[in-house]
Amino acid sequence: TVVRYSSCLALMSQFEHIFALDQYLASHLHTLYYEIRHRIIVIYFLPCKNASMTVMARQLNTTIDIFEDEFVHLIRLGKIKARIDSKNKILYVADTDQRWHPYQHALITTKQSEKLTRALLLHDSISTSIRPSNNNNVSHRQFVSNVPGNIMMDEKDLLDEGTFDTNCR
39 TVVRYSSCLA
49 LMSQFEHIFA
59 LDQYLASHLH
69 TLYYEIRHRI
79 IVIYFLPCKN
89 ASMTVMARQL
99 NTTIDIFEDE
109 FVHLIRLGKI
119 KARIDSKNKI
129 LYVADTDQRW
139 HPYQHALITT
149 KQSEKLTRAL
159 LLHDSISTSI
169 RPSNNNNVSH
179 RQFVSNVPGN
189 IMMDEKDLLD
199 EGTFDTNCR
């Protein structure tokens with residue numbers, strides 16, 4: 039797969055002078071090139087626990103020093119969680135706790151369930167507190183005074199994670 043990435047970068051370098059003629063693309067060309075290059079590096083090292091930087095530098099047609107500087111930049115940006123062995127030129131990917139992801143998912147699901155439950159309780163308390171009026175021209179609504187304050191919530195609270203949309207569109 040790295041061969042495809044290196045050929046992609048080679049093609050981009052080959053056509054760089056043509057891309058530079060585009061008035062809209064020219065000002066972003068350098069940034070786009072490095073973002074694509076950084077994405078290739080991140081994707082390459084994603085499944086690895088450790089990898090040789092010399093092999094990757096050779097495959098991407100660059101020097102090991104430039105490649106190491108790119109890794110330092112990516113680590114500082116937080117795109118790769120890793121450590122660099124500068125002596126042996128090996129990148130060690132930080133081992134994340136695999137229990138963290140299911141815990142985060144469970145926590146988010148619990149918060150969303152609580153918000154939905156509060157919204158349903160609020161909706162139920164409001165709908166039961168509205169009393170129909172005998173006068174058709176004037177609507178009198180009386181809300182139950184014993185609705186707890188912690189049930190009240192804004193509409194944005196329901197749409198916090200963007201998963202619970204109560205509007206049927």
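Numbering (the numbering used here), first residue to last: 39 to 207.
Heads up, the beta-carbon is just placed ideally off N, CA and C, and yes, glycines get one too.
Identify the continuous beta strand (DSSP E) that holds D123 and give its terminal residues.
Looking at the DSSP string, the run of the beta strand (DSSP E) that includes D123 is 120-123.
Among T147, H68, D103, which has the Cα closest to the Cα of I122?
Cα-wise, what sits closest to I122 is D103.
Pull up the CB-CB distance for S44 and N99, whole angstroms please, since I reckon it's below 8 angstroms.
Indeed, because the Cβ distance is near 6 angstroms, the residues count as touching under 8 angstroms.
Could you check if L129 is buried or exposed, using at least 16 other CB atoms within 10 Å of its CB as the buried criterion?
Under this definition L129 is a buried residue.
Between the C-alpha atoms of K125 and Y71, what's the straight-line distance to the nearest angstrom?
Using only the alpha carbons, I get a separation of about 29 angstroms.
State the beta-bridge partners of A89 as determined by DSSP.
Bridge partners of A89: L129.
Could you check what DSSP says for F105 in three-state terms: helix, strand or coil?
Correct three-state label for F105: helix.
Hey, how far is the Cα of V110 from the Cα of I74?
The straight-line gap from Cα to Cα measures roughly 17 angstroms.
Throw me the rounded Cβ distance for the A95 and F105 pair, which I believe falls under 8 angstroms.
Contact flag correct, Cβ pair sits at about 4 angstroms.
Using only CA atoms, which one of L84, H76, H143 lies nearest to L47?
Cα-wise, what sits closest to L47 is H76.
Taking all protein chains shown into account, decide if L115 is buried (16 or more other Cβ within 10 angstroms of its Cβ) or exposed.
Exposed.
Given that a residue counts as buried once 16 or more other Cβ atoms are within 10 Å of its Cβ, and exposed if not, what is F83?
With 16 or more other Cβ atoms within 10 Å, it is buried.
Measure the C-alpha to C-alpha separation of S51 and A64 and round it to an integer number of angstroms.
Each residue's Cα considered, the two are about 13 angstroms apart.
Can you give the beta carbon distance from I79 to L112, rounded, assuming they're within the 8 angstroms contact cut?
Confirmed, about 7 angstroms.
Between the Cα of S90 and the Cα atoms of R156, D162, V131, which residue gives the shortest distance?
Looking at the Cα atoms, V131 is the closest of the given residues.
Let me make sure I understand the geometry here. Which of F57, I118, I56, T69 has the alpha-carbon closest to that of H86?
In the sequence under discussion, the amino acid at residue 86 is Cys, which differs from the His named in the question. Nearest option by C-alpha distance: I118.
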